[in-house]
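Shown next, in C-alpha cells, is the structure this report addresses.
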Amino acid sequence: MSHNTFDEHSKITSLGTPLVAFLLLLFANAHVPSLLGAVSPVGDTETSQLGSHLLQVVLWLCGSWLMARAINTLLLNPLIRSRTGAPAPRILSNCVSATLFIATIFLIIKFVFDRPVGGLLATSGIVTVIIGFAIRDMIADFFSGLAMNIEQPYRIGDWLELGPGEIGQVTQMNWRATRLVTQSRRTIIVPNSNLASRQFHNFSLPDRHFRETLDIVLNYTADPARIENILLSAIYATDGLADQRHDVRITGFHERGVIYQIRFWINDYTQKVRVRHRLAANALEFLSQAGISIPYAQHEIVLTRQRRPRKERRINARRLFSRIEWLEALTEDELDQLAGISVGQEFRAGEAVVTQGSEGSSLYVLVEGMLEVAVTDADGNESRVGRVEPGQAFGEMSLLTGSERVATVQCLTNAYALEIRREDLEPILRARPEIARELGRMMARRQLLNERSADGTASHDDNEDFRSRAMQFARRISQLFGL
37 MSHNTFDEHS KITSLGTPLV AFLLLLFANA HVPSLLGAVS PVGDTETSQL GSHLLQVVLW
97 LCGSWLMARA INTLLLNPLI RSRTGAPAPR ILSNCVSATL FIATIFLIIK FVFDRPVGGL
157 LATSGIVTVI IGFAIRDMIA DFFSGLAMNI EQPYRIGDWL ELGPGEIGQV TQMNWRATRL
217 VTQSRRTIIV PNSNLASRQF HNFSLPDRHF RETLDIVLNY TADPARIENI LLSAIYATDG
277 LADQRHDVRI TGFHERGVIY QIRFWINDYT QKVRVRHRLA ANALEFLSQA GISIPYAQHE
337 IVLTRQRRPR KERRINARRL FSRIEWLEAL TEDELDQLAG ISVGQEFRAG EAVVTQGSEG
397 SSLYVLVEGM LEVAVTDADG NESRVGRVEP GQAFGEMSLL TGSERVATVQ CLTNAYALEI
457 RREDLEPILR ARPEIARELG RMMARRQLLN ERSADGTASH DDNEDFRSRA MQFARRISQL
517 FGL
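Per the numbering used here, the sequence shown starts with residue 37, numbered consecutively.
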C-alpha cells in the first residue's frame, strides 16, 4: 500500500465514525419526536419535549465532534505536515476540539433551550479575565508549548544544553513543561514559556553527530608539524568517532606553551564522555611515546643570548623496546645496545613502509603517526586487516626468519619509526645464542594463537605441536644468523 493510499484510508477511518453517528442522530431527530408524541398519553407533552431536547443536544455535540475531526483531518494536519513534515501536535488538535465544544454548549443553550446567552457570555468573559490573570503563567506555558510543537526545535530523545552544566535528554513534552534527564539520572523540568524565551543548544539537530574540541598545551620548542601528526594519530586510534573530517589547529599561546586544539566529530552525544576520555588518553600515550611531555607552569630566566631551539626528536628508544613482545628475551644491557644503534626513519602520509611479497630484513617500531595494514589475496583483492599505533612493532617474521613481507603497511598520516636491522640484532644473538630458542617459542605461541582464535581452542606450551613449531622457528633463526 502506497503512502498516499494509506493517508486516504486513515482520513476515511477518522471521519467515518462521527459521520455515521451524526447521520443516524439526524434521522432520529427528524422522526423520533413525532413517534414520541404518538405514543405519549394525551396531554403529556413534557415527556416528548424532553426526548426531543435530549436528541437535539446529542445531535449538536455529535456535530461538534464531526467538525473537530474534519478540521483536524482535512485542514490542520495536512497544513502542518506540508510545512514541518510531521503531523499536527496533539495539543493543537485538543485545543481545536475544546474550542468547538465550548462554542457548541452556548449554541445548545441558545437554539435548543431558547435561552439568552448574552448575559452568560458577559459573565463568562469577566470570569475568563479573572482566571486568565491568575493563571497567566500557565497560559504562557500552554501557548509556548503549542508553538514549539509546531516549530519542533527539539524532539523526544534529543540532547539539549540549557546552560553550563544543564545538559539532558528530552523524555517528555506536554502542554505545560518539557522534562529532561541528565546523564547522572537527574530530572530537569523546564516550563515551556521559559524554554521558548531562552537560548539552548540541540546536540541532535540537524544530525546526531556533532563536533567537539579538546585543548592541549605543549612546549614552545615542540615542532608543530610533529604535534599535529601525533594528535591526528590519536584521533585515528579512537573508536566512536563520526566519519567526518577531523583536524588539529593552533588556537593560541599560553604561559606554559602553545595551545593545540583537537577538533573531532562524535556520532552521538551519549558517547561524548567516553570518546573524549579515550582520545585524551591516546593523545597522552602517543605524546609520551614520542618523548613529548605536557609542560607545567614554570618561569624561565635567560641570562645569556637565547639560541634558536633545534627541532629534534628526543625519544627514549630503550623504553619503547622494553615494551615490545619480541624483545622481551633481551636483557637491559642488550636493549640499551640495540637502542643505541637503531635507525629512525620518516615516512609521508600515503607512503608504504613495507610492501606485501617484498623481501625484508628489519623490524619497525612505530614512534609517531598511524599506519594501516592491508593484505592482497590471490585474486588481487585488497582488504584492510588492522592498524599499527605508536608503540607497536611489525616486520618480526622477516627480521627473524628472512621470510617475505606478508602484508602491506601504509601511512595514514606522516609517521616516524625506529628500524631494527638484522645486522643490529646479530651481535646480540651471537653473544647469547639461547635467545633463538626463546624467540622460537614466542613465534610458535603467536602462530598457534592466531590459528586457534577462530574456534576458541586454547594453545598450550607443553603440547607436541607447539614444541615442534618452536624448534622449527628456532632452527630457522639460528641458520639465518649463523649461530
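Ideal placement from N, C-alpha and C gives every residue a C-beta, glycine not left out.
- When beta bridges are read from the DSSP output, ARG423 appears opposite GLU408.
- Counting only runs that start and end inside the segment 207-254, the alpha helix (DSSP H) elements of at least 4 residues fall at 228-232.
- By the Cβ criterion, the segment 358-373 is not in contact with the segment 286-301, since fewer than three pairs of Cβ atoms, one from each stretch, lie closer than 8 Å.
- Shortest Cα-Cα distance from VAL411 to any of GLN446, ILE330, LEU216 and GLU202 involves GLN446.
- Membership of THR437 in the alpha helix (DSSP H) is indicated by the continuous run 432-437.
- With a cutoff of 9 Å on beta-carbon distance, VAL94 and LEU59 are scored as not near each other.
- For TYR452, the uninterrupted beta strand (DSSP E) run begins and ends at 451-457, by DSSP.
- Taking 9 Å as the cut-off, the Cβ atoms of ILE224 and ARG234 do not count as close.
- In the three-state reduction of the DSSP assignment, ILE330 falls in the coil class.
- Judged by DSSP secondary structure, VAL309 falls within the alpha helix (DSSP H) whose first and last residues are 308-325.
- In terms of Cβ geometry, ALA326 and TYR190 do not form a close pair [threshold 9 Å].
- Counting the other Cβ atoms within 10 Å of the Cβ of SER439 gives fewer than 16, which makes it exposed.
- Contact holds between the segment 451-468 and the segment 391-404, because three or more Cβ pairs, one in each stretch, are under 8 Å apart.
- The residue from LYS308, ILE263 and GLU370 with its alpha-carbon nearest to that of GLU321 is ILE263.
- Rounded to the nearest angstrom, the Cβ distance from LEU374 to ILE464 is 7 Å, consistent with a contact under 8 Å.
- Where PHE357 is concerned, the enclosing alpha helix (DSSP H) starts and stops at 353-358.
- Taking a contact as a CB-CB distance under 8 Å, the pair TYR305 and LEU267 does not count as one, their CB atoms being some 23 Å apart.
- Fewer than three Cβ pairs drawn from the segment 246-258 and the segment 196-216 lie within less than 8 Å of each other, which leaves the two stretches out of contact.
- Contact between PHE430 and VAL421 fails: their C-beta atoms lie close to 12 Å from each other, not under 8 Å.
- In the DSSP assignment, ARG512 falls within the unbroken alpha helix (DSSP H) covering 500-517.
- The continuous beta strand (DSSP E) containing GLU197 extends over residues 195-199.
- In this structure, GLN205 sits near LEU196, with a CB-CB distance shorter than 9 Å.
- For ILE271, the enclosing alpha helix (DSSP H) begins and ends at 260-272.
- For ILE295, the enclosing beta strand (DSSP E) stretches over residues 293-302.
- By the neighbour-count criterion, in which 16 or more other beta carbons inside 10 Å mark a residue as buried, VAL389 falls on the buried side.
- DSSP places ARG384 in the coil class of the three-state scheme, outside both helix and strand.
- Each residue's CA atom was taken as its position, placing ALA134 and ASP275 some 52 Å apart.
- Per DSSP, ILE377 lies in no beta strand (DSSP E); the unbroken alpha helix (DSSP H) holding it starts and ends at 368-377.
- Around the Cβ of ALA139, a 10 Å sphere holds fewer than 16 other Cβ atoms; the residue is exposed.
- Counting along the chain, no beta strand (DSSP E) covers PHE147, and no H or E run does either.
- Straight across, the Cα-Cα distance linking SER394 with ASP413 is about 15 Å.
- In the DSSP assignment, ALA429 forms a beta bridge with VAL401.
- At the C-beta level, LEU484 and PHE502 come within 9 Å of one another.
- If you compare the alpha carbons of MET479, ALA467 and LEU128 with that of LEU111, the shortest gap goes to LEU128.
- Sixteen is the threshold: when 16 or more other Cβ atoms of the shown chains lie within 10 Å of the Cβ of GLU370, as they do, the residue is buried.
- In the structure shown, ILE192 adopts coil according to DSSP, grouped into three states.
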